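A short worksheet on the structure shown next.
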Ligand SMILES: NC(=O)c1ccc[n+]([C@@H]2O[C@H](COP(=O)([O-])OP(=O)(O)OC[C@H]3O[C@@H](n4cnc5c(N)ncnc54)[C@H](O)[C@@H]3O)[C@@H](O)[C@H]2O)c1
């Protein structure tokens with residue numbers, strides 16, 4: 001049987017690169033995607049024949065679609081896993097006091113690229129994965145692990161847009177995970193790492209960071225291994241801190257009415273959305 005094929009976005013650095021090397025050591029083929037083509041090409045040639053690097057800005061749909069098409073071909077008509085991992089922090093501060101005006105004399109539009117990369121691109125990644133996973137030659141279905149963040153569970157006031165996107169990924173995982181597993185044999189889970197030293201952190205901050213609050217890369221890889229080894233978990237959110245994995249459940253229902261709406265009103269919604277699918 002051919003080797004398993006993974007797509008990893010944001011693979012030229014940090015978590016994505018560590019996961020690439022980890023999967024290669026376990027006999028996978030990996031399609032690495034990143035905007036950094038210089039490093040990506042260099043890494044691909046160093047890492048050998050089981051790696052294909054596709055320069056990709058995941059926030060541009062046509063580029064991500066090209067990535068999935070090329071990866072499926074590279075895998076010999078198979079796609080087993082996507083780590084939807086690329087992410088960036090806030091690129092313009094919501095709190096900025098610098099006032100740039102547009103032609104009408106009002107404030108210029110805020111730069112929302114963080115939402116495009118950290119949220120929109122992940123949704124499109126799931127959309128593309130579903131298409132190819134249904135066409136897998138051997139076994140239909142596959143696995144998706146989304147990289148959210150501890151900022152998907154707790155607010156990070158310095159990065160409100162990053163916080164919003166990462167919280168949204170938690171909701172997205174919980175909403176679609178169980179259903180994709182039931183309908184397409186696709187598991188969708190997400191990881192919420194605490195602080196892991198990578199390129200995301202400015203070097204001068206890295207230098208100052210107390211060692212006792214650093215989560216090692218081994219915890220991130222263990223979480224991926226756990227989701228890759230399991231066909232029954234989907235819609236799960238795991239917080240990664242230090243050497244521990246903490247499975248985080250959705251909040252308790254506030255009262256019986258909320259529980260009914262969340263669990264038993266499904267048939268009403270199914271009927272309401274029937275014509276729109
Ligand atoms: N490092 C941490 O402490 C930490 C904690 C929680 C969550 N995360 C998340 O982990 C993920 C990976 O981050 P990292 O820490 O490895 O950072 P990193 O900066 O080391 O790596 C991110 C990679 O993504 C690439 N990238 C950025 N925008 C892209 C785009 N539009 N399309 C494709 N590639 C793009 C970058 O070029 C880079 O190679 C991110 O989603 C981040 O939010 C990181």
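In full-length UniProt numbering, the protein residues as written are 1 to 277. For every residue, glycine included, the Cβ atom is placed at its ideal position computed from N, Cα and C. Predicted model only: the values in this text are computed from it and were never measured.
In this model, residue 177 and residue 71 are separated by some 23 Å (Cα to Cα). Per DSSP, residue 75 lies in no alpha helix (DSSP H) and is assigned neither H nor E.
According to the DSSP assignment, residue 95 belongs to no alpha helix (DSSP H), since it is labelled neither H nor E.
Nearest C-alpha to residue 61 among 230, 129 and 240: 129. With a cut-off of 7 Å, the C-beta of residue 15 is classified as near ligand 1, since at least one heavy atom of the ligand falls inside that distance.
Across the set 235, 215, 64 and 48, the C-alpha of 215 shows the shortest separation from the C-alpha of residue 244. Note that the C-beta distance between residue 84 and residue 125 is below 8 Å.
For residue 173, the enclosing alpha helix (DSSP H) begins and ends at 160–184. Nearest to residue 232 by C-alpha distance, out of 157, 186 and 211, is 186.
For residue 144, the distance from the CB to the nearest heavy atom of ligand 1 is not below 7 Å. Straight through space, the alpha carbons of residue 133 and residue 254 are spaced by roughly 37 Å. Counting only runs of 3 or more residues that sit fully inside the segment 232–259, the beta strand (DSSP E) segments are 237–241 and 244–247, in chain order. Remark: three or more beta-carbon pairs, one from each stretch, lie closer than 8 Å, so the segment 236–243 and the segment 164–181 are flagged as touching. Between residue 12 and residue 40 the beta-carbon gap is near 5 Å, inside 8 Å, which marks them as a contact. In summary, residue 142 is buried, with 16 or more beta-carbon neighbours lying within 10 Å of its beta-carbon over all protein chains present. In summary, residue 151 is buried, with 16 or more beta-carbon neighbours lying within 10 Å of its beta-carbon over all protein chains present.
The three-state secondary structure of residue 49, taken from DSSP, is coil.
DSSP, read as helix, strand or coil, puts residue 34 in strand. Per DSSP, the unbroken alpha helix (DSSP H) holding residue 129 starts and ends at 121–133. Looking only at 158, 81 and 59, the smallest Cα-Cα distance to residue 90 is reached by 158. At least one heavy atom of ligand 1 sits closer than 7 Å to the Cβ of residue 36.
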